[in-house]
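Notes follow once the structure below has been shown.
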Amino acid sequence: INPKLPSNMVRASRVFLYEAAAGVKASVKRTLQNFPARMEAAPSQRGRVYLLLAWLHAVTQERLRYAPLGWSKRYEFGEPDLRTAADTIDTWIDATSSSGRGGEVDPVDLPWEAMRSLLSKSVYGGRIDNEIDQRLLEAFVGRLFTEKSFLPTFTLVKADDEAGVPAIKPPKGTSRSELLQWADSLPDAQLPTWLGLPANAEVVLLTNRAKMLTVNTMKLQVRACVCVGV
Numbered sequence: 049i050n051p052k053l054p055s056n057m058v059r060a061s062r063v064f065l066y067e068a069a070a071g072v073k074a075s076v077k078r079t080l081q082n083f084p085a086r087m088e089a090a091p092s093q094r095g096r097v098y099l100l101l102a103w104l105h106a107v108t109q110e111r112l113r114y115a116p117l118g119w120s121k122r123y124e125f126g127e128p129d130l131r132t133a134a135d136t137i138d139t140w141i142d143a144t145s146s147s148g149r150g151g152e153v154d155p156v157d158l159p160w161e162a163m164r165s166l167l168s169k170s171v172y173g174g175r176i177d178n179e180i181d182q183r184l185l186e187a188f189v190g191r192l193f194t195e196k197s198f199l200p201t202f203t204l205v206k207a208d209d210e211a212g213v214p215a216i217k218p219p220k221g222t223s224r225s226e227l228l229q230w231a232d233s234l235p236d237a238q239l240p241t242w243l244g245l246p247a248n249a250e251v252v253l254l255t256n257r258a259k260m261l262t263v264n265t266m267k268l269q270v271r272a273c274v275c276v277g278v
């Protein structure tokens, strides 16, 4: 709610706030549900590229929860970036497929370099003003958007036996229904390693929140004491 709204108006209103569910799984499902017609459009390889975009968007947003560990600051990544990225992908895939009208295309022939450059430097990278964050974004984009993503051995998350992290592979199918079914099968509880963060990142996040809670509580106590003194 905007703080400029008159308090009397807010009191007299019935206000409903719906906050989107957090987590990689929820974010991926939202992305796949937002583009039903586009994902079903030929060529069939489009569905796999959309899945890569859904995963990238989820990672960029979820890392914001761990700032300044995930990103150096809280960037305004959101739905406009996702839609711009989808438009970019559609433009390049249509231009590469036969006559731009939906002919099948070999994954090797997709303009990966163009998509990587636009996503990392213009779409999502256009909001980043930190060199290290920019390198991180380019690393994520470079690892996901490649012809290797169509290979059976490709993984969205690499396995870590020592940390007990299983590998996450994309589904074999590329239709929207198959992708949604795969998204439903993802674990409900995400691990920081999904986001390229150390396994103890959640502990660091909770520790920082506890410190902020302590600081805010002390501020309230100080203000209360001042008011009583007055």
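Per this note's numbering, residue 49 is the first one in the sequence shown, and the count goes up by one each step.
Idealized CB from N, CA, C, for every residue including glycine.
Nothing here was measured: the structure is a model prediction, and the numbers come from that model.
Residue 181 (DSSP reduced to helix, strand or coil) = helix
Residue 216 in three-state terms, based on DSSP = strand
Give the C-beta separation of residue 188 and residue 107 to the nearest angstrom, bearing in mind that I take them to be a contact with Cβ-Cβ under 8 Å.
-> 6 Å
Which residue or residues does DSSP assign as beta-bridge partners of residue 205?
-> 216
Relative to the C-alpha of residue 118, which residue among 91, 126, 109 is closest?
-> 109
Coil, strand or helix - residue 126 by DSSP | coil
Give the single residue among 125, 193, 171, 127 whose Cα lies nearest to the Cα of residue 157.
-> 193
Span separating the alpha-carbon of residue 142 from that of residue 185 = 25 Å
With 16 other CB atoms within 10 Å as the buried threshold, where does residue 75 fall?
-> buried
According to the Cβ coordinates, are residue 113 and residue 253 closer than 8 Å?
-> yes
Please name the residue in 242, 234, 235 whose C-alpha comes closest to that of residue 207.
-> 242
So, is residue 196 buried or exposed, given that buried needs 16 or more other C-beta atoms within 10 angstroms?
-> exposed
Over the uninterrupted alpha helix (DSSP H) stretch that includes residue 80, give me the two end residues.
-> 72 to 82
Give the single residue among 223, 222, 218 whose Cα lies nearest to the Cα of residue 233.
-> 218
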